[in-house]
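Participant: Below you'll find the structure I mean.
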Amino acid sequence: MPVKAENQNHLDSWIEQVPLLQKGYHLRLLAKVEKLRRREVIYPHQENILHALEILPFDAVRVVILGQDPYHGPG
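Encoded structure:
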């Protein structure tokens, strides 16, 4: 399936396909991160959390590689 560069949010397609997202565990985690942001600088910026899931529909993804991004500071 070709992926078009559109301003379309595909997070719903992930929620439909991934049972853990349906349970809402990620919402509790995001709420904790948001609370921590009030006291400290946290990367990535809020608008980039789950960004990959927003820009790509579930059906367009063949492999997901999990890892830790090397955020060490601004820039």
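Each residue of the sequence shown is one higher than the one before, counting from -4 in the working numbering. Think of the CB as a built atom: it goes at the ideal place given N, C-alpha and C, for glycine as much as any other residue.
(1) Could you have a look at Val28 and say whether DSSP puts it in helix, strand or coil?
(2) Look at the Cβ atom of Leu61, then the Cβ atom of Trp9, and state whether they are nearer than 8 angstroms.
(3) Could you compute how far the alpha carbon of Lys30 sits from the alpha carbon of His5?
(4) Using three-state DSSP, classify Pro14 as helix, strand or coil.
(5) Look up Asn43 in the DSSP assignment and say whether it is helix, strand or coil.
Facilitator: From the atom records:
(1) Here residue 28 refers to the residue found at position 33 when the sequence shown is read from its first residue. Looking at Val28 - three-state DSSP - the assignment turns out to be helix.
(2) The residue labelled residue 61 in the question sits at position 66 within the sequence shown. The residue labelled residue 9 in the question sits at position 14 within the sequence shown. Not closer than 8 angstroms, so no.
(3) The residue given as residue 30 occupies position 35 in the sequence shown. The residue given as residue 5 occupies position 10 in the sequence shown. The straight-line gap from Cα to Cα measures roughly 25 angstroms.
(4) To locate residue 14, count along the sequence shown from 1; it is residue 19. In this structure, Pro14 counts as helix in the three-state DSSP scheme.
(5) What you label residue 43 is simply residue 48 of the sequence shown in a count that begins at 1. The answer is helix: DSSP assigns Asn43 an H, G or I state.
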